[in-house]
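Student: Submitted below is the structure of interest, expressed as structure tokens.
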């Protein structure tokens, strides 16, 4: 099946710093989503971005489908940005399930 | 904004007992899913459901698991005889096309 690798696995920032999270995938995809898992375990949708660039406030994402990677940018980070960020992809060739990466654990210190 | 609703938010059960996790997907969605996340690990696919039948299932989804859409709105996951290793967060998701919406999860603890 498709492989999804996220980097870095852990990231510690000071409040106000910027960061880039990366998601590499091993095959073509129909769908790519970024999620933020909050301390209560809820998965919060950030972006649906199978290709191109989107922005939502301090967050933006870019997916380069031909090169099989996606980037999530967080600018001016806040303590409430802390949590685990997951990338999930739906393969282009079979089924409609999402395959998740291992996630990036982000800690933003005041 | 439409949302996927799961109940209960927490469930504690004795090993060997049956549990039913409930989900109300978004009303005009066509595809329904269950995923699980063991504490500290990534989210794993369990099963997908389309047109009133299972369309795909993972190796985790063995005979202890079943899904049902008993009426036009609910989507349930039943675990027949729970084991300690079934303790996890269970997520329901639905989609119409492309974007999958996830519920807030049910945290299942088997003791």
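Residue numbers (this note's numbering), protein chains in the order written: chain A, 13 to 122; chain B, 5 to 115.
No residue lacks a Cβ here, since even glycine has one placed at the ideal position from N, Cα and C.
All of these numbers come straight from a predicted model, not from anything done at the bench.
Indicate whether at least one CB of chain A lies closer than 8 Å to the CB of residue 47 of chain B.
Tutor: Numbered from 1 along the second chain, position 43 holds the residue referred to as residue 47 of chain B. Interface residue, yes.
Student: Do the region 57–65 of chain A and the region 19–27 of chain A make contact, defined as three or more Cβ pairs closer than 8 Å?
Tutor: Verdict: no, contact absent.
Student: Since residue 46 of chain A sits in a beta bridge, which residues does DSSP pair it with?
Tutor: Indexing the first chain from 1 puts residue 46 of chain A at position 34. Answer by DSSP bridge pairing, in chain order: A:59 and A:99.
Student: When you compare the CB of residue 45 of chain A with every CB in chain B, is at least one pair closer than 8 Å?
Tutor: Against the first chain, residue 45 of chain A aligns to sequence position 33. At least one chain B Cβ lies under 8 Å of residue 45 of chain A.
Student: What is the residue span of the beta strand (DSSP E) that residue 97 of chain B lies within?
Tutor: Taking the first residue of the second chain as position 1, residue 97 of chain B is located at position 93. 92–99 is the extent of the beta strand (DSSP E) around residue 97 of chain B.
Student: Check whether the region 81–89 of chain A and the region 32–40 of chain A touch, using three or more Cβ-Cβ pairs below 8 Å as the test.
Tutor: Enough Cβ pairs lie closer than 8 Å, so yes.
Student: Can you give me the C-alpha to C-alpha distance between residue 106 of chain B and residue 114 of chain A, rounded to a whole angstrom?
Tutor: Position 102 of the second chain, counting from 1, holds the residue named residue 106 of chain B. Position 102 of the first chain, counting from 1, holds the residue named residue 114 of chain A. Distance between the alpha carbons of residue 106 of chain B and residue 114 of chain A is about 18 Å.
Student: Near residue 14 of chain B, which residues of its chain fall below 6 Å by C-beta distance, leaving aside the five closest residues on each side in sequence?
Tutor: Indexing the second chain from 1 puts residue 14 of chain B at position 10. If we look at residue 14 of chain B and ignore the five residues flanking it on each side, its Cβ neighbours are 111.
Student: Identify, in the order they occur along the chain, each residue of the same chain with its Cβ nearer than 6 Å to the Cβ of residue 15 of chain A, setting aside the five sequence neighbours on each side.
Tutor: Position 3 of the first chain, counting from 1, holds the residue named residue 15 of chain A. Cβ within range, chain order: 38.
Student: Taking buried to mean at least 16 other C-beta atoms within 10 Å of its own C-beta, is residue 70 of chain A buried or exposed?
Tutor: Residue mapping note: residue 70 of chain A aligns to position 58 of the first chain, counting from 1. Classification of residue 70 of chain A: exposed, given that the 10 Å Cβ count is below 16.
Student: Residues of chain B with CB under 9 Å from residue 112 of chain A, in chain order?
Tutor: Position 100 of the first chain, counted from the first residue, corresponds to residue 112 of chain A. Per Cβ cutoff of 9 Å: 39, 41, 46, 47, 48 and 49.
Student: Taking the DSSP output, what are the residues bridged to residue 23 of chain B?
Tutor: One-based indexing of the second chain puts residue 23 of chain B at position 19. For residue 23 of chain B, which the question treats as bridged, DSSP gives the partners B:83.
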